[in-house]
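Below: one structure, written as structure tokens.
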Amino acid sequence: MDRRTFVKGAAVAAGSLVVAAPARAALIPLTRIQRRVVVVGSGFGGSVAALRLTEAGVPVTLLEQGRAWPTGPNANTFPTLRTLDQRALFYGSAPQVFRQPVQFPPYAGLLNAVVAPTMTVLSGVGYGGGSLTYQGMTLEPERQVFEHEFPAALDYDEMHLEHYPRVRQMLGAQTAPDAVIDSPTYKPARIFKRNAEAAGFPVSRIPMPIDWSWAIRELNGEMKPSYTNGDCALGVNNGGKNSLDVTYLRQAEQTGRLEVRLLHRVTDIARTPSCDWEVCVNRTDVYGTTKEQLVITTPTLILGAGSMGTTRMLVRAGANSRIPDLPDGLGTNWGTNADRIYAWSPFTENLGAPQGGPVVYGSLDWADPAYANTVIQASIPPILLAGPGLPTNTTILVGYGVSAARGHFVYNSLLDDAVLKWEHEGDREIQSRIGPRVRAVAGPASLLIDTNLLLGWTWHPMGGASMGSVCDYEGRVLGQEGLYVLDGALLPGTAAACNPSMTIAAVAERAMKRIVASDVGSLI
Ligand SMILES: Cc1cc2nc3c(=O)[nH]c(=O)nc-3n(C[C@H](O)[C@H](O)[C@H](O)COP(=O)(O)OP(=O)(O)OC[C@H]3O[C@@H](n4cnc5c(N)ncnc54)[C@H](O)[C@@H]3O)c2cc1C
Numbered sequence: 141m142d143r144r145t146f147v148k149g150a151a152v153a154a155g156s157l158v159v160a161a162p163a164r165a166a167l168i169p170l171t172r173i174q175r176r177v178v179v180v181g182s183g184f185g186g187s188v189a190a191l192r193l194t195e196a197g198v199p200v201t202l203l204e205q206g207r208a209w210p211t212g213p214n215a216n217t218f219p220t221l222r223t224l225d226q227r228a229l230f231y232g233s234a235p236q237v238f239r240q241p242v243q244f245p246p247y248a249g250l251l252n253a254v255v256a257p258t259m260t261v262l263s264g265v266g267y268g269g270g271s272l273t274y275q276g277m278t279l280e281p282e283r284q285v286f287e288h289e290f291p292a293a294l295d296y297d298e299m300h301l302e303h304y305p306r307v308r309q310m311l312g313a314q315t316a317p318d319a320v321i322d323s324p325t326y327k328p329a330r331i332f333k334r335n336a337e338a339a340g341f342p343v344s345r346i347p348m349p350i351d352w353s354w355a356i357r358e359l360n361g362e363m364k365p366s367y368t369n370g371d372c373a374l375g376v377n378n379g380g381k382n383s384l385d386v387t388y389l390r391q392a393e394q395t396g397r398l399e400v401r402l403l404h405r406v407t408d409i410a411r412t413p414s415c416d417w418e419v420c421v422n423r424t425d426v427y428g429t430t431k432e433q434l435v436i437t438t439p440t441l442i443l444g445a446g447s448m449g450t451t452r453m454l455v456r457a458g459a460n461s462r463i464p465d466l467p468d469g470l471g472t473n474w475g476t477n478a479d480r481i482y483a484w485s486p487f488t489e490n491l492g493a494p495q496g497g498p499v500v501y502g503s504l505d506w507a508d509p510a511y512a513n514t515v516i517q518a519s520i521p522p523i524l525l526a527g528p529g530l531p532t533n534t535t536i537l538v539g540y541g542v543s544a545a546r547g548h549f550v551y552n553s554l555l556d557d558a559v560l561k562w563e564h565e566g567d568r569e570i571q572s573r574i575g576p577r578v579r580a581v582a583g584p585a586s587l588l589i590d591t592n593l594l595l596g597w598t599w600h601p602m603g604g605a606s607m608g609s610v611c612d613y614e615g616r617v618l619g620q621e622g623l624y625v626l627d628g629a630l631l632p633g634t635a636a637a638c639n640p641s642m643t644i645a646a647v648a649e650r651a652m653k654r655i656v657a658s659d660v661g662s663l664i
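With the first letter of the sequence shown counted as 1, position 463 gets the number 603 in my numbering; the numbers rise by one all the way through.
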């Protein structure tokens, strides 16, 4: 049975984990509960874990700090870049993002920004994690790049024949049909293809978790545009995007064994003397105000809070001795996927407005595994085109690829946080390949702004609790029975020249197959 007491102000320290509430706070109930399995985070790793365990008959409690974002034809659930408001940012984002003060009031919004001195990391928040706001590029690495970047324990053939196809099928990944690409607002995609091919680069359609018939219905005037005017940059307000909430998580809900707790932010984790796991949680409203504190005890804790969330949680727990004897490699082997985001404004060509999105074409230069990289074009909606400092005729080019550069986290006791250390321009070697490719696509008669030179940012954080050093290849944290990492933190700081979500989910599928076979019924 659940046990409930009350925490008042800073006076009551109810249990080792409970963070004191602010002095002015009213009575905040404190509830202690026990659960068989707790999963933190509903992104790619957390969703796969939740589905495969509930299917195996195991009840799962899923804690997610964000809210649900239901969509449908003509919904206004997601903000757009034209109608930007508090829904865009998670309340935990730093007071300054990109050296600008955050102007929105606190809200359980879609993107969390973690700001380190040389790198700002963006990641998705909400029921479905990064799948809500990601563009959806669902790329599988080719064998030679996969084997160059990942440990041999991940057998390429098994991943290629079993786990990647399962993710592709679950997410309904499809490339855009001609009817969409040939329509007027997809002119920037057509120009990208023409220019890239003229420069001698291969071009292919990128698989996306999208039922493109919704875009065609928009073109037929059956609903107001979301895909076809580029308004989908912060989530698709019409249907057809197979984000995790409507795929993996919905199937997990249908088992009847998934307990979903939204607006539940995990503040600390600890190992108890009896080697269970204690999870301290703030239940908030959508404005981030704590309404209840919970301490959940569980024998099985699966961390799926993303590379930044999981790594920082573990490093803090280690530094504060809440989890003794964590592996030495914790907080290392962190990479950016060498993300590079350019604003491209051709002088002699009209890209047209609005621009259809999110992504249609990319150029995959994967022949040399040591320098494999990808360049794509992504739409931006009209408001940014008219934004300060940008010419009106602008679209986005994005590059990413393999890189040996790695960052690490250092615990800062004043902040009680693990702070990312990243060498400025650490990915410069692969940028010497990506930059010329982007410039060749753009052509000389254009303005090309490398936003990373100004900002230093990534959408693709990976690593921090990597397989092979901190965890085994199934995400079991070494020496910590019952503690698992299944998210981007588990990757070895690389996604082999692809966007990460597909590999995070496929690695989680591989892990869960083994965990269900060997741990359920014994450890779980
Ligand atoms: C703008 C943008 C575009 C992108 N486009 C693409 C793309 O096209 N293709 C692609 O493959 N990748 C893309 N990505 C990256 C992709 O979203 C991530 O790689 C992926 O979502 C990571 O999966 P994950 O399982 O590691 O965690 P996430 O998907 O980040 O999920 C982690 C979840 O844990 C929750 N959480 C974190 N901390 C706590 C806590 N303390 N308590 C409770 N819950 C918590 C978060 O709210 C979140 O919901 C994009 C990212 C961004 C920001």
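Note that CB positions come from ideal geometry on N, CA and C, so glycine has one too.
A quick note: this is a predicted structure, and the numbers were derived from the prediction, not measured.
Can you tell me whether F487 is buried or exposed? The criterion is at least 16 other CB atoms within 10 Å of its CB, across all chains shown. Taking the sequence shown and counting its residues from 1, one reaches residue 487 at position 347. So F487 ends up on the exposed side.
Is the distance from the Cβ of S182 to the Cβ of L389 below 8 Å? As a working mapping, residue 182 is identified with position 42 in the sequence shown. As a working mapping, residue 389 is identified with position 249 in the sequence shown. In this structure, L389 lies closer than 8 Å to S182 by Cβ.
Does DSSP put V235 in a helix, in a strand, or in coil? For the purposes of this step, residue 235 is taken as residue 95 along the sequence shown, with counting starting at 1. Per the sequence presented here, residue 235 reads as Pro, with Val not at that position. In the structure shown, the three-state DSSP call for P235 is coil.
Terminal residues of the beta strand (DSSP E) in which W209 lies: Residue numbering aside, residue 209 sits at position 69 when the sequence shown is read from its first letter. Where W209 is concerned, there is no enclosing beta strand (DSSP E), given that its DSSP letter is neither H nor E.
Would you give the residue range spanned by the beta strand (DSSP E) that N592 belongs to? On the sequence shown, residue 592 is found 452 positions in, with the first residue counted as 1. It is not in any beta strand (DSSP E) - N592 instead sits in the alpha helix (DSSP H) that spans 591-595.
Would you say F549 touches ligand 1, meaning its beta carbon is less than 7 Å from a heavy atom? In the sequence shown, residue 549 corresponds to position 409, counting from 1. Result no, Cβ not under 7 Å from ligand 1.
Measuring only from the beta carbon, is E302 closer than 7 Å to any heavy atom that is part of ligand 1? Taking the first residue of the sequence shown as position 1, residue 302 is located at position 162. Checking every heavy atom of ligand 1 against the Cβ of E302, none is found closer than 7 Å.
Tell me the start and end of each unbroken alpha helix (DSSP H) in the segment 432-504 that is at least 4 residues and wholly inside, in chain order. Within the segment 432-504, the complete alpha helix (DSSP H) runs of at least 4 residues are 446-459.
W354: first and last residue of the uninterrupted alpha helix (DSSP H) it sits in: As a working note, residue 354 is residue 214 in the sequence shown. Start and end: 353-359.
Which residues bound the alpha helix (DSSP H) around E393? One-based indexing of the sequence shown puts residue 393 at position 253. It spans 388-394 - the alpha helix (DSSP H) in which E393 sits, taken as one unbroken run.
Could you give the first and the last residue of the continuous alpha helix (DSSP H) run that contains P576? The count along the sequence shown starts at 1 and reaches residue 576 at position 436. Note, P576: alpha helix (DSSP H), 568-582.
Helix or strand or just coil, what does DSSP make of F218? For the purposes of this step, residue 218 is taken as the residue at position 78 of the sequence shown. Correct three-state label for F218: coil.
Measuring only from the beta carbon, is Y274 closer than 7 Å to any heavy atom that is part of ligand 1? For this step, residue 274 is matched to residue 134 along the sequence shown. Yes, Cβ of Y274 sits closer than 7 Å to a heavy atom of ligand 1.
In the DSSP output, which residue or residues are listed as bridge partners for G547? Translated into the one-based positions of the sequence shown, residue 547 becomes position 407. Looking at the DSSP output, G547 sits in a beta bridge with W474.
Whole angstroms is fine: what's the gap from S485's alpha carbon to L398's? Numbered from 1 along the sequence shown, position 345 holds the residue referred to as residue 485. Numbered from 1 along the sequence shown, position 258 holds the residue referred to as residue 398. When rounded, the distance between both Cα atoms is 48 Å.
Should A558 and I536 be called a contact, given that it needs their Cβ atoms to be closer than 8 Å? The residue labelled residue 558 in the question sits at position 418 within the sequence shown. The residue labelled residue 536 in the question sits at position 396 within the sequence shown. It is not a contact, given that the beta carbons lie outside the stated cut-off.
C-beta atoms of L441 and I409 nearer than 8 Å: Walking along the sequence shown from the start, residue 441 turns up at place 301. Walking along the sequence shown from the start, residue 409 turns up at place 269. Their beta carbons are under 8 Å apart, which means L441 touches I409 by this criterion.
So, helix, strand or coil for D318, using DSSP? To locate residue 318, count along the sequence shown from 1; it is residue 178. DSSP places D318 in helix when its eight states are reduced to three.
Report buried or exposed for L301, applying the criterion of at least 16 other Cβ atoms within 10 angstroms of its Cβ. Counting from one through the sequence shown, the residue named residue 301 turns up at place 161. Flag for L301 reads exposed.
Spatial neighbours of L504 within its chain, please: C-beta separation below 7 Å, excluding the five flanking residues on both sides. Sequence index remark: in the sequence shown, residue 504 carries index 364 (1-based). Cβ neighbours of L504 beyond the five flanking positions: P342, S344, T514.
Span separating the alpha-carbon of E565 from that of L594: The count along the sequence shown starts at 1 and reaches residue 565 at position 425. The count along the sequence shown starts at 1 and reaches residue 594 at position 454. Approximately 11 Å between the Cα atoms of the pair.
Host alpha helix (DSSP H) of L193 (start-end): Position 53 of the sequence shown, counted from the start, is the residue given in the question as residue 193. Secondary structure note for L193: its alpha helix (DSSP H) is the uninterrupted segment 184-195.
Start and end residues, alpha helix (DSSP H) containing Q284: Walking along the sequence shown from the start, residue 284 turns up at place 144. In this chain, the alpha helix (DSSP H) harbouring Q284 covers 283-289.
Compute the minimum distance between the beta carbon of L262 and the heavy atoms of ligand 1, and state whether it is under 7 Å. Here residue 262 is taken as the residue at index 122 of the sequence shown, counted from 1. Checking the Cβ of L262 against ligand 1 gives yes.
In DSSP terms, what F230 is bridged to: Against the sequence shown, residue 230 aligns to sequence position 90. A248, per the DSSP bridge assignment.
Own chain residues within Cβ distance below 7 Å of Y326, not counting five before or after: In the sequence shown, counting from the first residue as 1, residue 326 sits at position 186. V320, G496, V500, listed in sequence order.
Measure the CB-CB distance between T278 and S641 and report whether it falls below 8 Å. By one-based count along the sequence shown, residue 278 stands at place 138. By one-based count along the sequence shown, residue 641 stands at place 501. Yes, the Cβ-Cβ distance between T278 and S641 is below 8 Å.
Give a yes or no on whether the C-beta atoms belonging to V265 and F230 are separated by under 8 Å. Position 125 of the sequence shown, counted from the first residue, corresponds to residue 265. Position 90 of the sequence shown, counted from the first residue, corresponds to residue 230. Contact: yes.
For K431, is the classification buried or exposed, using 16 other Cβ atoms within 10 angstroms of its Cβ as the cut-off for buried? Looking up residue 431 in the sequence shown gives position 291. Answer is exposed; the Cβ neighbour count stays below 16.
At a cut-off of 7 Å, is A445 close to ligand 3 when judged by its beta-carbon and the heavy atoms of the ligand? By its list of ligands, the structure shown excludes ligand 3, since it contains just ligand 1.
Beta-bridge pairing of T407 - partner residues as DSSP gives them: Taking the sequence shown and counting its residues from 1, one reaches residue 407 at position 267. None, per the DSSP bridge assignment.
Short check: CB of T201 to CB of R330, under 8 Å? Indexing the sequence shown from 1 puts residue 201 at position 61. Indexing the sequence shown from 1 puts residue 330 at position 190. Against a cut-off of 8 Å, the Cβ pair of R330 and T201 comes out as no contact.
With distances taken between CB atoms, is the gap from L443 to V455 smaller than 8 Å? Indexing the sequence shown from 1 puts residue 443 at position 303. Indexing the sequence shown from 1 puts residue 455 at position 315. The answer is no: Cβ separation not under 8 Å.
Excluding the 5 residues flanking G361 on each side, which residues of the same chain have their C-beta closer than 8 Å to its C-beta? Within the sequence shown, numbered from 1, the residue matching residue 361 stands at position 221. So no residue of the chain qualifies.
Are L359 and S323 closer than 8 Å when you measure CB to CB? Here residue 359 refers to the residue found at position 219 when the sequence shown is read from its first residue. Here residue 323 refers to the residue found at position 183 when the sequence shown is read from its first residue. Contact: yes.
From Q284 to G197, what does the alpha carbon distance come to, in whole angstroms? In the sequence shown, counting from the first residue as 1, residue 284 sits at position 144. In the sequence shown, counting from the first residue as 1, residue 197 sits at position 57. Rounded to whole angstroms, the gap between the alpha carbons of Q284 and G197 is 38 Å.
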